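Participant: Counting in full-length UniProt numbering, the sequence shown runs from 1 upward without gaps. We put the beta carbon where it would ideally sit given N, CA and C, even for glycine. Model, not experiment: these values are computed from the prediction.
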Amino acid sequence: MSLPDHSTPVAERQSRAPDTRQRQVRVTAPRQVALVERDLTGPSPGEVRVRVREVGVCGSDLKMWSGEHAVLIPPLTLGHEAWGTVEEHAADAEATGSAPFTPGTPVVIVPPTGCGTCHNCARGREQLCARMRFVGGQIDGAMARFLTVPPHHLLPIDPRVPEELRVLIEPLAVAVHAVGRARVGSDDQALVIGAGPIGVFCALVLAAQGIGRVVVTDRDPLRLGLARRLGVPHVVRTTAAQPLLAAGDHIRSEGADVVFDCVGAQATTTQALTATCRGGRTVLVGISPAELTVGGVALQRGERELIGVQMYQREDFRHAMDLLAEGLVPAVDGLKRSRPLSQAGELLDELARRPSPVLKETLLPD
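Below is the structure:
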């Protein structure tokens with residue numbers, strides 16, 4: 001596994017003289033990136049300044065960078081898969097309740113925030129709030145040296161989680177939430193379309209829950225090889241001509257009980273629904289296009305369910321930390337690769353042209 005280039009212990013990095021300059025990656029227009037520097041200002045009362053230690057790059061970042069995201073378009077500052085250490089928690093004379101974050105505390109970024117008063121916010125489902133805002137979207141993200149946010153956007157990291165795996169907490173939380181939405185039983189057969197990070201993590205979470213038959217499909221043999229090394233029970237290479245035929249060797253002829261579309265395209269959603277058995281569930285995990293066409297007869301007469309997944313809830317982060325602490329993701333070659341924040345534009349352009357040879361690409365602000 002490729003470890004971060006800044007492998008200096010956190011405590012030693014905290015002892016450095018404080019920075020006075022902010023540096024952030026700004027997507028100014030579709031496929032246009034600028035590295036912006038400015039004077040660093042103090043956090044507003046109640047806000048927390050976090051020194052970003054590592055930030056991951058994912059498919060949703062690519063869609064926002066390219067201008068192809070259905071909701072979030074440039075200009076914006078990307079970065080929602082991130083962890084860091086608290087630099088300062090500004091005092092707020094009117095604040096009550098939770099104690100302030102102590103400088104040096106390792107924290108993971110929890111991107112969504114809702115209005116706080118609607119039906120879904122009251123149930124802890126801020127990701128479903130009609131006025132939800134998102135760090136790395138409507139709110140400046142963590143592709144920066146520092147991130148300043150209200151404390152609600154932060155969770156202390158379980159110290160059992162290895163430092164080199166902390167950047168995986170957020171994407172693993174997506175998989176935890178997706179598997180929870182799918183209501184998978186131990187006797188179910190599960191098919192995952194797409195061996196990217198979210199697809200692999202969905203498969204690992206399913207296996208950790210004792211699901212007996214978990215199959216991951218993809219066209220890329222390198223991704224499938226990495227999925228196998230990470231512990232995915234069954235992997236199948238597909239083709240454009242026969243996208244799911246080979247998976248029939250691993251799932252019953254009637255189809256899988258649960259199929260996860262972790263790509264997010266019209267073609268893969270159609271494939272997922274086709275591969276779902278009657279009475280089964282098709283789960284949309286990858287970011288879908290603005291409009292989808294699905295087979296109404298297959299849904300209704302087959303009593304299939306089409307289930308949407310929108311990010312996660314806070315408890316999914318805690319579950320993800322538990323899984324990482326318990327060794328869900330082993331240290332294998334190809335798990336992660338890191339490069340400096342200044343190379344963000346090059347990285348995004350590379351990922352738009354070809355899949356990464358590693359599971360997770362990350363940027364290092366320091």
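Under 8 Å: do the stretch 281-299 and the stretch 314-331 share three or more Cβ pairs, one atom per stretch?
Facilitator: Flag = no, the stretch 281-299 and the stretch 314-331 do not touch.
Participant: Do you know whose CA, among 282, 219, 26, 81, lies nearest residue 306's CA?
Facilitator: For this step, residue 306 is matched to residue 306 along the sequence shown. Considering only alpha carbons, the answer is 282.
Participant: Can residue 335 be considered in contact with the ligand ATP, in the sense that its beta carbon sits closer than 7 Å to one or more heavy atoms?
Facilitator: With respect to the ligand ATP, the structure offers nothing, as it holds no ligand at all.
Participant: Could you spell out where the beta strand (DSSP E) holding residue 307 opens and where it closes?
Facilitator: Your numbering for residue 307 matches position 307 in the sequence shown. Here the beta strand (DSSP E) through residue 307 covers 305-308.
Participant: Hey, which unbroken runs of the beta strand (DSSP E) at 3 residues or more fall wholly within the stretch 153-207?
Facilitator: 154-156, 189-193, all fully within the stretch 153-207.
Participant: By the DSSP assignment, the alpha helix (DSSP H) with residue 122 in it spans what residues?
Facilitator: Here residue 122 refers to the residue found at position 122 when the sequence shown is read from its first residue. Run containing residue 122: 119-122, per the alpha helix (DSSP H) assignment.
Participant: Where residue 378 and residue 60 are concerned, what is the direct C-alpha to C-alpha distance, given to the nearest angstrom?
Facilitator: Since the first residue of the chain shown is 1 and the last is 366, residue 378 is not available in this structure.
Participant: Considering only residues of the same chain and omitting the five flanking positions on each side of residue 367, which have a CB-CB separation below 8 Å?
Facilitator: There is no way to answer for residue 367, as the model of the chain reaches only from 1 to 366.
Participant: Decide if the stretch 30-49 is in contact with the stretch 144-164; the criterion is three or more beta carbon pairs, one per stretch, under 8 Å apart.
Facilitator: A contact exists between the stretch 30-49 and the stretch 144-164.
Participant: Quick one: what does DSSP say residue 317 is sitting in, helix, strand or coil?
Facilitator: By one-based count along the sequence shown, residue 317 stands at place 317. Reduced to three states, the DSSP call for residue 317 is helix.
Participant: How many angstroms separate the CA atom of residue 124 from the CA atom of residue 323?
Facilitator: Taking the first residue of the sequence shown as position 1, residue 124 is located at position 124. Taking the first residue of the sequence shown as position 1, residue 323 is located at position 323. If I take the Cα positions, the gap works out to 22 Å.
Participant: Give the DSSP-derived three-state secondary structure of residue 60 in the structure shown.
Facilitator: Against the sequence shown, residue 60 aligns to sequence position 60. In the structure shown, residue 60 sits in a helix (DSSP, three-state: H, G or I).
Participant: Can you give me the start and stop residues for the alpha helix (DSSP H) that residue 230 sits inside?
Facilitator: In the sequence shown, counting from the first residue as 1, residue 230 sits at position 230. Element bounds for residue 230: n/a, residue is neither H nor E.
Participant: Whose CA, out of 207, 195, 173, lies closest to the CA of residue 185?
Facilitator: The count along the sequence shown starts at 1 and reaches residue 185 at position 185. Residue 185 has its Cα closest to that of 207, out of 207, 195, 173.
Participant: Within the continuous beta strand (DSSP E) that includes residue 282, where are the two ends?
Facilitator: Reading the sequence shown from its first residue, position 282 is the one you call residue 282. Element bounds for residue 282: 276-284.
Participant: Is it the case that the Cβ atoms of residue 86 and residue 143 are separated by a distance below 8 Å?
Facilitator: Here residue 86 refers to the residue found at position 86 of the sequence shown. Here residue 143 refers to the residue found at position 143 of the sequence shown. Contact flag unset, no.
Participant: Beta carbon of residue 211, beta carbon of residue 190: below 8 Å?
Facilitator: Position 211 of the sequence shown, counted from the first residue, corresponds to residue 211. Position 190 of the sequence shown, counted from the first residue, corresponds to residue 190. Yes.
Participant: Residues in its own chain within less than 6 Å of residue 245 by CB, not counting five upstream and five downstream?
Facilitator: On the sequence shown, residue 245 is found 245 positions in, with the first residue counted as 1. Answer for residue 245: no residue qualifies.
Participant: With DSSP as the reference, please indicate the residues paired to residue 106 in a beta bridge.
Facilitator: Indexing the sequence shown from 1 puts residue 106 at position 106. Looking at the DSSP assignment, residue 106 forms a beta bridge with 85.
Participant: Locate the beta strand (DSSP E) running through residue 38, then write down its first and last residues.
Facilitator: As a position in the sequence shown, residue 38 is number 38, starting the count at 1. Looking at the DSSP string, the run of the beta strand (DSSP E) that includes residue 38 is 32-39.
Participant: Where does residue 292 fall in DSSP's three states?
Facilitator: By 1-based counting over the sequence shown, the position of residue 292 is 292. Note: residue 292 maps to coil in three-state DSSP.
Participant: List the endpoints of the continuous beta strand (DSSP E) containing residue 346.
Facilitator: Looking up residue 346 in the sequence shown gives position 346. It is not in any beta strand (DSSP E) - residue 346 instead sits in the alpha helix (DSSP H) that spans 344-353.
Participant: Would you mind stating whether residue 358 and residue 334 have Cβ atoms separated by less than 8 Å?
Facilitator: Indexing the sequence shown from 1 puts residue 358 at position 358. Indexing the sequence shown from 1 puts residue 334 at position 334. Going by C-beta atoms, residue 358 is nearer than 8 Å to residue 334.
Participant: I'd like the span of the beta strand (DSSP E) that includes residue 234, first residue to last.
Facilitator: To locate residue 234, count along the sequence shown from 1; it is residue 234. First-last of the beta strand (DSSP E) with residue 234: 234-237.
Participant: By Cβ distance, which residues of its chain are closer than 6 Å to residue 106, with the 5 residues on each side in sequence left out?
Facilitator: Here residue 106 refers to the residue found at position 106 when the sequence shown is read from its first residue. Only 85, 157 meet the Cβ criterion.
Participant: What does the alpha-carbon distance come out to for the pair residue 118 and residue 27?
Facilitator: Here the question's residue 118 lines up with position 118 in the sequence shown. Here the question's residue 27 lines up with position 27 in the sequence shown. Using only the alpha carbons, I get a separation of about 31 Å.
Participant: For the beta strand (DSSP E) containing residue 240, name the first residue and the last one.
Facilitator: Residue mapping note: residue 240 aligns to position 240 of the sequence shown, counting from 1. No beta strand (DSSP E) holds residue 240; DSSP gives it neither H nor E.
Participant: Grouping DSSP H, G and I as helix and E and B as strand, with all else coil, what is residue 217?
Facilitator: In the sequence shown, counting from the first residue as 1, residue 217 sits at position 217. The answer is strand: DSSP assigns residue 217 an E or B state.
Participant: Could you check what DSSP says for residue 54 in three-state terms: helix, strand or coil?
Facilitator: Stepping through the sequence shown from its first residue, residue 54 is reached at position 54. Strand, per DSSP.
Participant: Return the chain-ordered list of same chain residues with a C-beta closer than 6 Å to the C-beta of residue 341, the five sequence neighbours on each side being excluded.
Facilitator: Numbered from its first residue, the sequence shown carries residue 341 at position 341. The answer, listed in chain order, is 363, 365.
Participant: Taking the beta strand (DSSP E) that residue 364 falls in, what are its first and last residues?
Facilitator: What you label residue 364 is simply residue 364 of the sequence shown in a count that begins at 1. Note, residue 364: beta strand (DSSP E), 360-364.
Participant: For residue 175, which residues in the same chain have their Cβ closer than 7 Å to its Cβ, ignoring the five residues on either side in sequence?
Facilitator: Translated into the one-based positions of the sequence shown, residue 175 becomes position 175. Here the set comprises 198, 201, 202, 205.
Participant: Short check: CB of residue 20 to CB of residue 35, under 8 Å?
Facilitator: Here residue 20 corresponds to residue number 20 of the sequence shown, with the count starting at 1. Here residue 35 corresponds to residue number 35 of the sequence shown, with the count starting at 1. The answer is no: Cβ separation not under 8 Å.
Participant: If you measure between the beta carbons of residue 141 and residue 225, is that distance less than 8 Å?
Facilitator: Within the sequence shown, residue 141 is the residue found at index 141, counting from 1. Within the sequence shown, residue 225 is the residue found at index 225, counting from 1. Not a contact, by the Cβ cut-off of 8 Å.
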